[in-house]
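Protein chains in written order, with the working numbering: chain E, 357 to 546; chain U, 108 to 683. We treat Cβ as the ideally placed atom computed from N, Cα and C, and that holds for glycine. Only one structure is covered here, and it is reproduced in the block below.
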Amino acid sequence: MKTKNIMIVGVGGQGSLLASKLLGKLLLTKGYDIKVSEVHGMSQRGGSVVTYVRFGDKVYSPVIDKGEADYIVSFELLEAARYTEFLKPGGKIVTNTQQINPMPVITGAAEYPADLVKKMQAAGIDVDAFDALKLAEEAGSSKAVNIVLMGHLSKNFDFTMEEWMQAIESSVPAKFLELNKKAFMLGRDA
Amino acid sequence: MKTLMLGNEAVARGLFEAGCDFVSSYPGTPSTEITEAVAKYPEVYAEWAPNEKVAMEAAFGACLSGKRSFCGMKHVGLNVAADPLFTIAYTGVNAGMVIGVADDAGMHSSQNEQDSRHYARAAKVPMLEPSDSAEALAFAKLAYEISEEFDTPVFIKMCTRVAHSQSIVETGERVEVRKTYEKDPQKYIMMPGNAKRRHPIVEERTQKLIAWGETAPVNRIEEGEDHAFGIITSSTSYQYVKEVCGDKYPVLKLGMIWPLADGLLTKFAASVEKVIVVEELDSFIETRCHELGLNVAGKDIFPCIDEFSQNLVADKLGVYAPVCGAKLDDVIPARPPVMCAGCPHRGLYYTLAKNKVTAMGDIGCYTLGAVPPLAALDTTICMGASISGLHGFTKAGGGKAVAVIGDSTFMHSGVTGLINAAYNESNSTIIIVDNSITGMTGHQQNPTTGFNLKGDPCTKIDLETLCRAVGIRRVRVVDPYDLAQCDAALKEELAADEPSVIISRRPCALLKYVKHNKPLEVDPDKCKSCKMCMKIGCPAISMVDGKAVVDNTLCTGCGVCAQLCKFDALKAPQEV
């Protein structure tokens, strides 16, 4: 199988590491070769963060480059717009519509661009945008945005529900399991 | 068992399986997880040392006693440990000793982009360089075999993309290795007479290692169909080359990066029409090829700045032209890292900015005080440089200035600077921002926190007592959430005609035990849109339709913004 590329982008502290952990667990049980590249350190302090998940028969590079992503999963709208160049032809962006102002916008040095979903669509990009924060809160915690997004992404793959649920079980603490399962289903049904 | 592991976790697994008994490190991105992961194995003693020099010396002592040892650090940490390194290279080891060093090409979380491979060559210490997690595990084990066979410390060199990428590893069983210590002054006491006898042994050792590397499986030639060119590479660059070229061109994949197997380089070069060296950062392999008289290309094609990627390698090798996805016309604002909402450093930095003092900064989360709107710092060089730099600045008549240094950084290398300030009677005001943890690298314990790496209670170094003991008479503690207190303390200490220390003390707001207050609320009728609350650069506050708005998912209720509001518009919920 040709290597598949999933980029997970967001704002440091939003929980993208859990999303990549879940994907890694799932893909390992499916027998793929896998590479998951993360960012630690300074960027985690509210900066723009990127995680690369690659799987296939044999994966060499740990990173995804411009023009290569089959999917970009974005925790925040501006971050989806930041990485559009990484999509491959026919690739798809799955994004939360939540907006978090970066410091240059907060201080007035820059503006948060308006109508980003429309602009991405106008540029010919396949965008699947929805309010993952609302669904996470419905599931019981705003922190479950990561699992809501994974639920929504899951519609694009033919892994079984059982396989996804097993991956969730091995990635989250037992006391948050029901909340996360609910978050996943809300995202999948959205 | 097959499992997915970070490169750093795989190094830790390799240390465990090799029977490593003693680990001493100082945290630093991207090396930190090696030591955090190895500490989870109950068989291994692991500790955070105050700095990398101490860690390396401790690891040497442990290997001397007969146990396999390890010390880990980031590239700039190796500068701190360079002193023992160059002499441990002479003494050699008893049980094996491995040094982990992680470079940060692209400077994701570092102040420079130095290439640690030069240290291997300069100190005459062998260096292994894995290209994924499976190799990280295998090379950590191999490093101990080399260490004991050739009587030398051995580097395992990581980079961000190998350290922080997960890939599949196969785990094995632990072996136990025990040696006994025997007194051997000629080997271990490096006074000139003995060192003179050791140096030729070191040079012979390098020659033996070169011979070993010629046939050792750690270096391998991967055949290719097209001999128009061959590629010499290692580490993550190898992965990019294979991603781009597959099995088309022959590749010499180097696992031992120092000493280089001269014969293998020569043999490979003779087998292809043209040789291209693909290596991140400096010319290192390429330089050795030139010394051997080999005609190779390298840095004339590839940059010595920033990390590589498959598109860059494809472009430079002329294999294919990458096709990028669509780009929006809008300018996408940057999202730089910021100090967190509720960060205790914020109130202190506001005070410094308001008083317009020159501030010598240091290395940690608090370096983010340099970012607008606070823009409260003037310099950042290396660990500890704030205090010693301030001393020079004030002695030379630079004017009112302070040093800002974190608790962990102060323990690392601030203490000696403080001793200098006391001894040479500096008119310096040193601010220790004590958030009771090593923050930037992800909450590691340090000598001031009262807990060790394993999380057990331990001796807590008292900062006030330490500062007084080195001769500072003026030592005071402030709460950085209290702006009036910070302002008064700063003004008084700057006015004092002697060195002084202000400890700005409050635990990091991200620590699990720190209780947050309820998020503040804005009374829109009272908000006069003056934007005073925006001056502290808190990510929880923004202006919406001309009025301040608090993001209640981020706000910790620290109340620093409320102290700036002249109209009482920002309040804790019960007061509104």
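- By the neighbour-count criterion, in which a residue is buried when 16 or more other Cβ atoms sit within 10 angstroms of its Cβ, A603 (chain U) is exposed.
- For F500 (chain U), no beta strand (DSSP E) encloses it; the enclosing alpha helix (DSSP H) starts and ends at A492 to K502.
- Contact check between the region 422 to 431 of chain U and the region 471 to 483 of chain U: fewer than three CB pairs, one atom from each, fall below 8 Å, which does not count as touching.
- The residue from U:A156, U:M108, U:L113 and U:D128 with its alpha-carbon nearest to that of L560 (chain U) is U:A156.
- Nearest C-alpha to A492 (chain E) among E:F486, E:P529, E:P458 and E:V501: E:V501.
- Chain U has a Cβ within less than 9 Å of the Cβ of I481 (chain E).
- In the three-state reduction of the DSSP assignment, N542 (chain U) falls in the coil class.
- Residue burial is scored here from C-beta neighbours: Q314 (chain U) has fewer than 16 other C-beta atoms within 10 angstroms and is therefore classed as exposed.
- Between R224 (chain U) and M214 (chain U), the C-beta gap is not smaller than 9 Å, which leaves the two residues out of contact.
- Annotation: Cβ neighbours of E394 (chain E) in chain U (cutoff 9 Å, chain order): L113, H271, S272 and Q273.
- A direct Cα-Cα distance of roughly 30 Å separates S430 (chain E) from T545 (chain U).
- Put simply, the CB of G505 (chain U) is far from chain E, with every gap to its CB atoms at 9 Å or more.
- When U:K642, U:G405, U:L661 and U:V651 are compared, the shortest CA-CA separation from C672 (chain U) is found for U:K642.
- At least 9 Å separates the beta-carbon of E321 (chain U) from that of A377 (chain U).
- G403 (chain E) reaches chain U at R442, P443, P444 and V445, counting residues in chain order whose Cβ is nearer than 8 Å.
- Here the region 413 to 432 of chain E does not lie against the region 399 to 413 of chain U, with fewer than 3 beta-carbon pairs under 8 Å apart.
- Its Cα nearest to that of V145 (chain U), the residue U:V130 stands out among U:H452, U:S138 and U:V130.
- At a beta-carbon threshold of 7 Å, the residues of chain E lying near Y347 (chain U) are S417, ordered along the chain.
- Excluding its 5 nearest sequence neighbours in each direction, V261 (chain U) has C-beta neighbours in its own chain below 6 Å: V205, P233, A250, I253 and S254, listed in chain order.
- With a threshold of 9 Å between beta carbons, M506 (chain E) makes no contact with chain U.
- Counting only runs that start and end inside the region 612 to 666 of chain U, the beta strand (DSSP E) elements of at least 3 residues fall at 648 to 651 and 654 to 657.
- Closer than 9 Å to the CB of L374 (chain E) there is not a single CB belonging to chain U.
- Boundaries of the beta strand (DSSP E) around V384 (chain U): V382 to V385.
- Annotation for E432 (chain E): no beta strand (DSSP E) segment contains it, and DSSP assigns it neither H nor E.
- Counting along the chain, K448 (chain E) sits inside the beta strand (DSSP E) bounded by residues L443 to N452.
- If you look at R228 (chain U), you'll find it in the alpha helix (DSSP H) that goes R224 to A230.
- At a cut-off of 9 Å between C-beta atoms, D389 (chain E) counts as an interface residue with respect to chain U.
- Within the region 179 to 230 of chain U, complete alpha helix (DSSP H) segments of at least 4 residues are found at 182 to 187, 189 to 198 and 224 to 230, given in chain order.
- Nearest CB-CB separation between N457 (chain E) and chain U: below the 9 Å threshold.
- Within chain E, no residue has its beta carbon less than 7 Å from that of K633 (chain U); the closest one is some 21 Å off.
- Between the region 409 to 418 of chain U and the region 382 to 389 of chain U there are three or more inter-stretch CB-CB distances shorter than 8 Å, so the stretches are counted as touching.
- At a beta-carbon threshold of 8 Å, none of the residues of chain E lie near D258 (chain U); the nearest stands roughly 35 Å away.
- Within chain E, no C-beta atom comes nearer than 7 Å to that of Q551 (chain U); the closest sits roughly 12 Å away.
- Annotation: Cβ neighbours of K434 (chain U) in chain E (cutoff 7 Å, chain order): T440 and E441.
- Residues of chain E with a Cβ closer than 7 Å to the Cβ of L475 (chain U) are, in chain order, R401.
- As for any alpha helix (DSSP H) of minimum length 4 sitting wholly inside the region 118 to 168 of chain U, the runs are 139 to 145, ordered along the chain.
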